[in-house]
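This is the structure in structure tokens:
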């Protein structure tokens, strides 16, 4: 499934869908998790599949060719013994010919770089998630912010921020803060921090 209970199309052979669990001290999801996971996934996919040029769309999507290549879902869980874990689920579209016709905003890895093996994509996903998530990062250092800036799909685009049933706020995406918040500059207004809600492209 996708974020906020949305459906995620996952037909057999069309993509890689997996979850990994990491130990947590507390059963809460650090706000930075999906941003870090997205950056590390995009970085690893770009390294292993030259020409892909994937990017990160705040808060939890991986984009390629202006369409959605994959998504990330992070949840906290407790075992029967009371141990807290961070469970990160990832879905990456691999073969577009196997995706449902109604998934018209998606792109598959094979569309971007040609035929690939599912096992190679899965290996890249695992390597990406294992880069930093075991340490449950709570802030980004300067080098990480530079990398995120290069991979930030939303930056300098006009977007709509929707939170619950409130009127959407329109502004210019101005980057991502060290704690993972989206920075939004409303037209004629001061810079705002966005930590929840959904983001869609808007009109300038």
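In my numbering, the protein residues as written are 3 to 206.
Backbone N, C-alpha and C define an ideal beta-carbon position, used for all residues, glycine too.
When C-alpha distances from residue 154 are compared across 58, 82, 175, 205, the shortest belongs to 58. Contact annotation: the segment 81-101 does not touch the segment 186-195, with fewer than three C-beta pairs closer than 8 Å. Sorting 172, 28, 107, 113 by C-alpha distance to the C-alpha of residue 52 places 113 at the top. Counted as a single uninterrupted DSSP element, the stretch harbouring residue 42 is not any beta strand (DSSP E) but the alpha helix (DSSP H) occupying residues 35-50. In the structure shown, residue 116 adopts coil according to DSSP, grouped into three states. When beta bridges are read from the DSSP output, residue 203 appears opposite 161. Here DSSP, grouped into helix, strand and coil, assigns residue 194 to strand.
Per DSSP, reduced to three states, the secondary structure at residue 17 is strand. Our two residues, residue 160 and residue 196, have alpha carbons roughly 14 Å apart in a direct line.
Here residue 184 carries a strand assignment [DSSP, helix/strand/coil].
Ranked by Cα distance from residue 26, the options 149, 45, 77 are led by 77. Residue 60 and residue 128 have their alpha carbons spaced roughly 21 Å apart. Residue 199 and residue 122 have their C-alpha atoms some 33 Å from each other. Judged by pairs of C-beta atoms under 8 Å, the segment 66-77 touches the segment 38-46, as three or more such pairs exist. Its Cα nearest to that of residue 23, the residue 88 stands out among 88, 44, 183. DSSP places residue 150 in the uninterrupted alpha helix (DSSP H) bounded by 144-153. Residue 46 counts as buried, since no fewer than 16 other beta carbons sit within 10 angstroms of its beta carbon. Following the DSSP letters along the chain, one finds residue 64 inside the beta strand (DSSP E) bounded by residues 63-66.
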